[in-house]
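In order, the protein sequence lines correspond to chains A and B.
To convert, take the position in the first sequence, counting from 1, and add 228; that gives my numbering.
To convert, take the position in the second sequence, counting from 1, and add 1; that gives my numbering.
To start, the structure itself, in structure tokens.
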Amino acid sequence: MKTILQGKTAAASRTAASRGTSGLRSPVAYLFILPAMLIFLVFTIGPTIFTFVVSTFKWNWLNPDQNKFVGVANYQMLVDGSQDPPFAATLLTSGYFVSAMVVGGTAISLGLAMLLRQARRINVAARTAVFLAHVTPLVATSIVWVWIFNPRFGLANLVMSWFGIPNIDWLGNSRFAMPAVIIYSLWHEIGFTTVIFLGGLTTISTELSEAARLDGCNAWQEFWNVTFPQLRPVAIFVIVVSSVASLQAFTQFFMMTGGGPGFDTATLGFQLYQQAFVFRKTGYAAALAVVLFSITVALSILQLRTTRSLGRTV
Amino acid sequence: MGRLLQPGAAIAVGLIFLVPIFWMLITSVASDADVFTFPPRLWPAWDFSNYAKAWGKSPWLTYFGNTVLIAGSVVLLVLITSLLAGFAFALMRFRGKGVLFLLVMSAMMVPQTVLLIPNFIMAQKLGWYDTYLIQIVPWGASVFGIFLLRQFFLTLPKELFEAAEMDGAGPLRMLFSVAAPLAAPSLVLVALNSFMGSWNAFVWPYIMTKSDAVRPIEVGLQAFYGTEGTDWTGLCAAVSFTTLPIIVLFLFLQKYFVTGVYGTQGSVRG
């Protein structure tokens, strides 16, 4: 595990640059990187640039000859709210989902990591159960959760009935649809972030915790004043990774709500698909893609910085 | 008190996360009469006819075959491209290395949804729409794979390669007869990462294909859900037989899955 953590890279690459047998100093290197570079250029980097181009066109789905350059008109549609749903509403919906996933996901997975910290048999089994949810395909388990949230026969309403709450139409009600998708997404994603926190916990000092205990700290004080400060870089990493992932979330919305009821669960990732491939407003969808891309790049740069600081602490 | 509380809480957490899987399995062996009752019946009825019923309604074998073919090809391509590029970026010296590596790393920042529109337009122009190719080639290089192998190759002692060079080995032989065999654990991680990505892929193949002949398992499952939306016993049976292979794989290779998480921490995305 340690070898693939960021920590070693900087030091190691310096020695690699200064060494090297003469046979490794050859133009053959370009042939070595060519296949990968070609794939990235053709299917990732080129298309990203092309998205910017498309976003300045009124793009005709069926007849490319009728594509019309419209400048920033697609971006004006974002700002003036003339589209249905308005861009501001999409951003709010995304913000709702992202903040719930980031706050809920980080808090719960940190709690679970603390709970399952010791490598006892029961804890290892519980970790397996939590991580198992994460490896299941989104399409498959979204279907299971649609069944769980079934308004008449679902398991969710059984649980509600234990608390005397009458049946809820989870996915069909604009108040409950988003919480339902969030519950499913938390179930699916928490395994990943819990494992990251568990990894972080193995690297922090137990001596400090013991010293704190000897000084009379209770468990809660020790966590906040000793353990958590050491975990902060890991926590920042988890926050950034969950924001990026939930900003792009698509499949669970497609399967569970179709963005509905109305546009109540139409997040940025879902809107991009719907505008492009259902409403066929390609140019406008490309403008949405540019926005999504820009936010992701900003978050990724933040992430690279935190990974670097993570490398120092690990 | 704490002595009982912690294991109790751990068991409760594990069970809560398993409930959806249990319920999927219970519904998949329930009779239709059991399913449409409230409160729901929480123990299995062992009615396996749902599996036969669901299996007969869709070309599952074709979907499975397509997924295996696509995932297998992607894994093979990713292993080759990652070995080559990882080796070059770790151990070879060439002009522009830093910039080119940065370019590779920047590819991981681009969300898949952003790539859908331009790649869809391109696929139609190339005649790749509704083919295996559009599902394989774009995923044939992985930032995660290149990053992970580069990291590993950087840890190898240089004496290893000096000895190989004395024997007159070129870079290709150094890579495949010296470096690659040592990288086996990293290669398993990279292969698993790409395999899971291919198996779970949905939006890309959903947009880029239209016919069952080339569509993979998750897209097939979504189509089945679209037509059998209220047949919950059949649906849960279909979800079970499409998902159990992944669950079994996970239980056998758990160690690698977990290590893969720390790998993504270094490189972010696969």
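The beta carbon of each residue, even a glycine, is placed where N, CA and C say it ideally should be.
Note that the coordinates shown come from a computational prediction; the quantities given were computed from them, not determined experimentally.
Here B/Tyr263 is actually not in contact with A/Gly419; their C-beta atoms are around 14 Å apart, not less than 8 Å.
In the displayed model, A/Phe285 falls within a strand according to three-state DSSP. If you check each beta-carbon in the stretch 9–28 of chain B against every beta-carbon of chain A, the ones closer than 8 Å belong to Ala10, Ala11, Ile12, Val14, Gly15, Leu16, Phe18, Leu19, Val20, Pro21, Ile22, Trp24, Met25 and Thr28. A buried status is given to B/Ile208, since no fewer than 16 other beta-carbon atoms sit within 10 Å of its beta-carbon.
For B/Trp47, no alpha helix (DSSP H) segment is defined, and its DSSP state is neither H nor E. Assigned with DSSP and collapsed to three states, A/Phe359 falls in helix. For A/Lys296, DSSP records a beta bridge to A/Lys286. Considering only beta carbons, the part of the stretch 341–357 of chain A lying closer than 7 Å to chain B consists of Leu343, Leu344, Ile350, Asn351, Ala353, Ala354, Thr356 and Ala357, in chain order. A/Trp373 is positioned such that its CB atom lies no closer than 8 Å to that of A/Tyr324.
Less than 8 Å separates the beta-carbon of A/Tyr303 from that of A/Ala515.
Counting only runs of 4+ residues, the alpha helix (DSSP H) found wholly inside the stretch 438–521 of chain A occupies 447–450, 456–476, 479–484 and 496–501, in chain order. Taking 8 Å as the upper bound on Cβ-Cβ separation, chain A lies near residues Met197, Trp200, Asn201, Phe203, Val204 and Ile208 of the stretch 192–210 of chain B. Residue-level contact by beta carbon holds for B/Pro41 and chain A, with a gap shorter than 8 Å. Taking a cut-off of 8 Å for Cβ pairs, the stretch 146–164 of chain B and the stretch 76–95 of chain B touch, as three or more such pairs fall below it. For A/Tyr512, no CB of chain B lies under 8 Å from its own CB, so it is not counted at the interface with that chain.
If you draw a straight line from the Cα of B/Ala34 to the Cα of B/Trp47, it is about 13 Å long. When B/Ala11, B/Ala13 and B/Trp24 are compared, the shortest CA-CA separation from A/Ile371 is found for B/Trp24. The alpha-carbon of A/Ser283 is positioned some 40 Å away from that of B/Ala239.
Fewer than three pairs of CB atoms, one per stretch, sit closer than 8 Å, so the stretch 189–202 of chain B makes no contact with the stretch 336–343 of chain A. Closest by C-alpha distance to B/Ile71, out of B/Thr132, B/Met106 and B/Pro182, is B/Thr132. DSSP places A/Tyr258 in the helix class (H, G or I) of the three-state scheme. One Cα belongs to A/Ala353, the other to B/Gly15, and the distance between them is close to 7 Å. For A/Pro407, the closest Cβ of chain B is not nearer than 8 Å. Residues are counted here when their Cβ sits less than 7 Å from a Cβ of chain B; for the stretch 367–386 of chain A these are Val367, Ala368, Thr369, Ile371, Val372, Trp373, Trp375, Ile376, Arg380, Phe381, Leu383 and Leu386, given in chain order. When secondary structure is reduced to three states using DSSP, A/Glu417 falls in the helix class.
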